[in-house]
Each structure stands twice: as C-alpha cells, then as structure tokens.
Amino acid sequence: MRHFPFGAANDGEPPFELTGGMPPPRDLRDLYGHRAPEPDQDDDFDDDDDAPPRRRVAWGRWIMRGLGALVILFVLLVGWLAITAPLSKSLQPPLPPSVTLLAEDGTPIARRGAIIGAPVDAAKLPKNVTNAFIAIEDRRFRTHWGIDPRGILRAMFHNIGRGGVREGGSTITQQLAKNAFLDSDRTAARKVREVMIAFWLEAWLSKDQILSRYLSNVYFGDNVYGLRAAARHYFNRDPERLSIGQAAMLAGLVKAPSRLAPTGNLKGARDRQKLVVRAMADAGFIDKATAADVGPARLSASRIKPLPDGTYFADWVLPDARDRAGEIVTETTVRTTLDRRLQRMAERAVAHAGLRTAQVALVAMRPDGRVVAMVGGKNYAASPFNRATQARRQPGSAFKLFVYLAAMRAGMTPDTMIDDEPVTIGDWSPKNSDGRYEGQITLRRAFAKSSNVAAARLIQKVGVANVIKAARDLGISTPIPNEATIALGTSTVSLLELTAAYAGIAAESYPVRPHGLEAVPEERHWYDALTGGTHALTRAERDGMLDLLSASAETGTGRRAALSIKTYGKTGTTQDNRDALFMGFADDLVVGVWVGNDDNTPNPGLSGGGVPARVWREFMTQALGVGAAVPPDAIPASVDPDALDDGDNAVLPVGGDIDGMGLHLHVGQDGSISLGAADRDDRRRPPPEPPHFDERDRGDEE
Numbered sequence: 155m156r157h158f159p160f161g162a163a164n165d166g167e168p169p170f171e172l173t174g175g176m177p178p179p180r181d182l183r184d185l186y187g188h189r190a191p192e193p194d195q196d197d198d199f200d201d202d203d204d205a206p207p208r209r210r211v212a213w214g215r216w217i218m219r220g221l222g223a224l225v226i227l228f229v230l231l232v233g234w235l236a237i238t239a240p241l242s243k244s245l246q247p248p249l250p251p252s253v254t255l256l257a258e259d260g261t262p263i264a265r266r267g268a269i270i271g272a273p274v275d276a277a278k279l280p281k282n283v284t285n286a287f288i289a290i291e292d293r294r295f296r297t298h299w300g301i302d303p304r305g306i307l308r309a310m311f312h313n314i315g316r317g318g319v320r321e322g323g324s325t326i327t328q329q330l331a332k333n334a335f336l337d338s339d340r341t342a343a344r345k346v347r348e349v350m351i352a353f354w355l356e357a358w359l360s361k362d363q364i365l366s367r368y369l370s371n372v373y374f375g376d377n378v379y380g381l382r383a384a385a386r387h388y389f390n391r392d393p394e395r396l397s398i399g400q401a402a403m404l405a406g407l408v409k410a411p412s413r414l415a416p417t418g419n420l421k422g423a424r425d426r427q428k429l430v431v432r433a434m435a436d437a438g439f440i441d442k443a444t445a446a447d448v449g450p451a452r453l454s455a456s457r458i459k460p461l462p463d464g465t466y467f468a469d470w471v472l473p474d475a476r477d478r479a480g481e482i483v484t485e486t487t488v489r490t491t492l493d494r495r496l497q498r499m500a501e502r503a504v505a506h507a508g509l510r511t512a513q514v515a516l517v518a519m520r521p522d523g524r525v526v527a528m529v530g531g532k533n534y535a536a537s538p539f540n541r542a543t544q545a546r547r548q549p550g551s552a553f554k555l556f557v558y559l560a561a562m563r564a565g566m567t568p569d570t571m572i573d574d575e576p577v578t579i580g581d582w583s584p585k586n587s588d589g590r591y592e593g594q595i596t597l598r599r600a601f602a603k604s605s606n607v608a609a610a611r612l613i614q615k616v617g618v619a620n621v622i623k624a625a626r627d628l629g630i631s632t633p634i635p636n637e638a639t640i641a642l643g644t645s646t647v648s649l650l651e652l653t654a655a656y657a658g659i660a661a662e663s664y665p666v667r668p669h670g671l672e673a674v675p676e677e678r679h680w681y682d683a684l685t686g687g688t689h690a691l692t693r694a695e696r697d698g699m700l701d702l703l704s705a706s707a708e709t710g711t712g713r714r715a716a717l718s719i720k721t722y723g724k725t726g727t728t729q730d731n732r733d734a735l736f737m738g739f740a741d742d743l744v745v746g747v748w749v750g751n752d753d754n755t756p757n758p759g760l761s762g763g764g765v766p767a768r769v770w771r772e773f774m775t776q777a778l779g780v781g782a783a784v785p786p787d788a789i790p791a792s793v794d795p796d797a798l799d800d801g802d803n804a805v806l807p808v809g810g811d812i813d814g815m816g817l818h819l820h821v822g823q824d825g826s827i828s829l830g831a832a833d834r835d836d837r838r839r840p841p842p843e844p845p846h847f848d849e850r851d852r853g854d855e856e
C-alpha cells in the first residue's frame, strides 16, 4: 500500500489508497482531476504520457533560487555603488583643479591645472540657460528615468544611415555618470556601468540636482570646467546673467569643446549657437519670434588677462603650492615669494648676457631663503628644463667657501699664512690655472686670487671630513666624495642649493632653506624639529668669511662684479671652462649665476669672473639701485713707478702691481708686499676670446 500526503504529489487533494500494485483506474484519475504519481522502476506502470511532478518541483526551486540570487546581487550592487560612487563625487571636478600662483604683492603670475568654477544651482538659473542645455543635449530630460529609449533608437537609426557613429543617445544623467564616476573608454562594460549609475542617480537625486551637478563640471574648452567658470571665461559674467545667445553658445560647446571653443573657432561656435536656438524653439522653450531675435553672442574673453602656464619659478614652487592648498575642489590661490620687479630685472640681465649656444641660470633670494627671482634658462618655451634647480654641475672654486669655513672653524684667520706653491697629495698634483705661484701668502690673498694649491694644502690641514661637514651644515645635500679633490669643486651641486649656502654666510646662521611660498605662522619643518633649527656662526667665523668674500669680490677674481657698496662674492670656473659661476651678496640680496653648455662641453675663454660676474653686477645694480665700482677696464695693468715719487706723500697702490728695473712688485690688499722678477707678459692680459664671448667678459682664470 502507498500513501500520498496532502500537498505532496496530489496538490492538496484527499489521499487515496492503491492495492495490489495496480495503477488507479482512469476514471478515478479523472475524478480527482490529476495525474497519478509515477511508480518506481520496479513497479509495472506503463503510463508515460504525462510529465513527472517531481521534475516540475525541481524546476520551480531553481527559478526561486535564481530570483533570490538576483535580489542579492542587486543589493550588493547598490552597496557597491554607495561605497565606490558616493553622491558627493558627482560634485567633484573631473581633473585636478587649478592653482593660481600670486607674487608677493598679490598679483597673479601663473596658473596651473584646469580652471574650475564654483558649483551652480540649476533651480536658481534663468530657465533659458538650463533649457538651452536640455534642448540640445537631452530634450526629454524632465520625463525619462536616466536613459532615453527614443533617443537611443533615433541615434542608432541616424548612425546606420550615415555609415558610422555620428550621434550619441546619452542623456544628461548618463553624461554626469560618465564624467563623474567613469573613464572615457568605449567598451560595452563601461556603457553598462554608465546606465546602472544613471538609474541610481535618478533614484537618489532630483532632476534639478542632476542638472546642477552636470552643469558644474562639464567641459567647455580652453581648459575650463563648469558653467560658472565658462561664463566668466568667455563672457566675463556670472551664469545667472547670461543672455539666450550666450547660453546657447555655451550649450553648443559641449558636443566638441576643444574644436568649438570660440576663442579659437568663433564661426564654428556661432554656427552651433544657431542650432541650439532652433532646438529651443522646436522644443517649445522659446517661440519662433524670440529665436529670430537672438543675435550672435559676443565674447568678452579679451578683458581677462591670460596668465602664463609655464615659468621656471612656477614649475619649482607648484608641488609645494599644491601641498599647501590641500584637497581642493575649485580654483585656489597661493601666495609666493616672487618679486615681480626683481624677476623682470633678472630676465633682462640674462637677456643682455649675449650668449649664443651657452645656457644661463640665475637665483636671487633673501638671506632668510625667500626666493625672489629665478631664471632657469634663456627661453622657457624652447627648454623648460630648470638649470637653477634641476641641473647638477661642478661649482669649481665656488666650493672653496666650505674649505675656508672649515679653516675659520679650526681657528685660522684671514691673516693666517699659507704656502702658494705646487703640492702633491697622493697621486693628485693640483696647479694654479694661471701657472703663477706667490710663495707664502695670507688666506685672504689665497682666497682672492683663488689659489688652487693653497686650497689643496688647506684641506690637508683641516681634513676632508670637516670640509664636508661645513658643506652639509650650510645645506648642501648632493653626494660629496671623501677625497681632497673636492677642495676645487669636483662634486656636483644645484645652483639653488649653492646660493642658499652663501645665504647662510649673509644671514650669519645656517642652514638657510630656499623656499618659494610665504611662511605660514608657526610653520616648522620636520628637519628643524629633529636638528633644533638653525645655528649661528661664531663671530670669528662670520668676520673671517666676510673678510675673505669681500677681498675676492672687490680686488680678486670677482672684481668685475664689484658694486659701489660693500660686495661679497666668489667666482667658480671648472676644468676646461665647462662651467662658470659667480656667487655673492650685497645689502639684502643673495644671488647666484651659472653659465655653461647643457651637454657639458668646454667654453674656451669662459670664467666665473667674466660673463657670470657681469650678469650678476647688472642685476644687482638695478635691483639695489646702486652703481658699479670702478670699472675693471679702468684699472691699469701696471703702475708707473715714477708716478709714485711724490716725496713724503708717496703711496703704494694697495692691491696693485709695480713693474720696473726688471722687477715685479705686488702690494696685497692686506698691505703685504711680494717681489719677483718682472714678466714681460702680464698675467692679467687676457688671451684671444672665442667669437661667442666678448673680450671684456673674460675674468681671471682659476
């Protein structure tokens, strides 16, 4: 006997009982209105006409499971969208916003990044402004749920008829989804995500909210994003005051903003404007009479003075400016330390250098490290590589600053004597570039004439480690080899760091950290927190270094840079005249100038006391409003002995030379006198100059 419970195979009918293993009679099945259950294989049933109920139950279960999985998937998808695509993201700009850099007086000097205006509220805009975008981009925007099937079919039909993709069917909601959440690829997967996000936006936002977000970050050409920025950029007015023609022109740009931007294609923009006005009339937003009265929109972009996007100073300061601005969503301004007046003077001095193939760089800063002018090359448009901050070149004798600072720290003074004679250190035998040696001289004289052998002997006395420490203390961060040859500037350094090192002497404290942004109150660098900040030079170190630098700039190899006020500086010339520098300061300005070739090839005739010293002097005379010292060309190569015969009033020329009776007499700046045989060829007579350097630009070699 087999029993069938209610709700199993008989769909709730009363149970019945079979005996003898025989199938129920057909009339009994008709009576109950259902088919009998299929017997086991060992039962002798032969009715195979009807489908088994057990299989029907299995299919039903799979369908229910599938529906449940879809529900779970939908919930997970909504959760994923809520996490990865928050609504606030639709208000964020699609590109990093712009940072406008201001000079120290608040004048804009450069802009970096996209121009992005503040968000707009579609509900507060004139109807003709919002209707212009709806008419040309999504006429059924107010009625669809994120996608427009009619628009998709129309675009598909037109594209098939034209043999290619000429028209899109994306709604404003879909465009917002793509701009705010997705990339610009054309894959089917991206399109599916776009549709899903469009539905999601429609579910959570009102139509005006969607339109507001769309208008706030759509691209209008000329690197301008958002309706507010575009209205001000092209028409110099707020979007709330746009006319029908102006709104229609802006709405027309969205299709191809780079190609239709009116600043470069005014005719194309006006043709597109006419199309938008007709679309507004066809949609019933304006009547035909009003449409006929709409004239071509006139630009006011010329009233907005464009800012340069590329300058050496802007490139250098921008990373810090972005860090200072933090996470920004609209255009922001950052005040820098650049002095526009000094920048113009720096550019003028560099332009007057008369260089042909050689390059030039200049850095001007205050003793506290505020960079007020920067030139990284002759022409930014031709080469944006910043030779003031990015190039690493040998400083030559300008590195002797650290050698002599180590000597002052060791207790020496400018009057300490040093042997100016050939020396050999290991397998290194440095020579003076002019081939002349004066025997015992003071450190003052050795620094002023930039004696190489004296610097080599000095680094032997104070130790290489102490010279490296002096360089590190003054802010040099580039690698410095642990060898005596560094005394002649064989390691590399940037012009910016070297200028800051000289600023340490001018400020009488170290290290000076060059910066291009105005200091924030109570701002403290992490390095200062670890090292305790700056350290003051001792009085002996300060007085000694100022004495040496003054002798070099006023009577030594750098005398062509001397000003009518107290001048401090040092020249630098590397092997084969590849690099030439003048580093110095006067009053409250510290300036470094470098000249050389980008490919590091020699420059015959170039020296730190020539072109760099002249560029330095021209900039400083204009910047400080002072004159130059007595021009070097006015100093006689030798002094007539008879001119000194003035009885009791005879005066020896300090820092001068006397030739007579076969003897050469030199009177040092410190009053010391050296006597030797006269040389027919005066050591200061310059050799013939190459054609790309002026004869007067050659200084004493080092």
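With my numbering applied, the sequence shown corresponds to residues 155 to 856, in that order.
A virtual CB, placed ideally from N, CA and C, is assigned to each residue, including glycine.
- Within the same chain, Cβ atoms closer than 8 Å to the Cβ of E695 are found at L559, M562, R563, the five residues on either side in sequence being excluded.
- Residue environment for K603: buried (at least 16 other C-beta atoms within 10 angstroms of its C-beta).
- DSSP, reduced to helix, strand and coil, places H506 outside both helices and strands of the structure shown, so it counts as coil.
- 8 Å or more divides the Cβ of V666 from the Cβ of A507.
- Between the stretch 768-780 and the stretch 542-549 there are fewer than three inter-stretch CB-CB distances shorter than 8 Å, so the stretches are not counted as touching.
- In its chain, beyond the 5 residues on either side, D574 have a beta carbon closer than 6 Å to the beta carbon of I595.
- Straight through space, the alpha carbons of S605 and G550 are spaced by roughly 12 Å.
- In this structure, L256 and T511 do not form a Cβ contact; the two beta carbons are roughly 36 Å apart against a cut-off of 8 Å.
- When rounded, the separation of the alpha-carbon atoms in L414 and G406 is 8 Å.
- Taking C-alpha positions only, A641 is separated from G565 by approximately 19 Å.
- When DSSP states are grouped into helix, strand and coil, A272 belongs to the coil group.
- L396 has its alpha-carbon roughly 16 Å from the corresponding atom of P273.
- Here the alpha carbons of A657 and D522 stand approximately 7 Å from one another.
- In this structure, L381 lies near L404, with their beta-carbon atoms less than 8 Å apart.
- The C-beta separation of L492 from E291 comes to about 43 Å, leaving the pair out of contact by the 8 Å criterion.
- The three-state secondary structure of R489, taken from DSSP, is strand.
- DSSP places M519 inside the beta strand (DSSP E), whose first and last residues are 513-519.
- By the beta-carbon neighbour count (other beta carbons within 10 angstroms, threshold 16), M699 is buried.
- According to the DSSP secondary-structure assignment, D733 is paired through a beta bridge with G750.
- Leaving aside the five residues that flank L330 on each side, the residues in its chain whose CB is nearer than 7 Å to its CB run, in chain order, S244, L355, I364, R367, Y368.
- Close CB contacts of V621 within its chain, under the 8 Å cut and outside five residues either way in sequence, are with F556, V557, A560, I613, I640, A641 (chain order).
- In the DSSP assignment, L255 falls within the unbroken beta strand (DSSP E) covering 253-256.
- DSSP, reduced to helix, strand and coil, places L227 within a helical segment of the structure shown.
- Considering only K421, S324, Q427, A468, the residue with the shortest C-alpha distance to I263 is A468.
- C-alpha of R215 to C-alpha of N333: approximately 42 Å in a straight line.
- Q594 sits in a strand when the DSSP states are folded into three classes.
- With fewer than 16 other Cβ atoms from the protein chains shown falling within 10 Å of its own Cβ, I217 counts as exposed.
- DSSP places M403 in the uninterrupted alpha helix (DSSP H) bounded by 398-407.
- At a Cβ-Cβ threshold of 8 Å, P450 and Q427 count as neighbours.
- Non-local beta-carbon contacts of D362 in its own chain, meaning distances under 6 Å to residues more than five positions away in sequence, involve A276, A277 in chain order.
- The stretch 631-719 is shown to contain whole alpha helix (DSSP H) runs of 4 or more residues at 649-661, 680-685, 693-708, in chain order.
- With a 10 Å radius around the Cβ and a threshold of 16 neighbouring Cβ atoms, A608 comes out buried.
- Annotation for R296: K361 place their beta carbon closer than 7 Å to its own, counting only its chain and skipping 5 residues before and after.
- If you draw a 10 Å sphere on the C-beta of G629, you find 16 or more other C-beta atoms in it, and that means buried.
- Annotated three-state conformation of V607 is helix, per DSSP.
- Residue environment for A625: buried (at least 16 other C-beta atoms within 10 angstroms of its C-beta).
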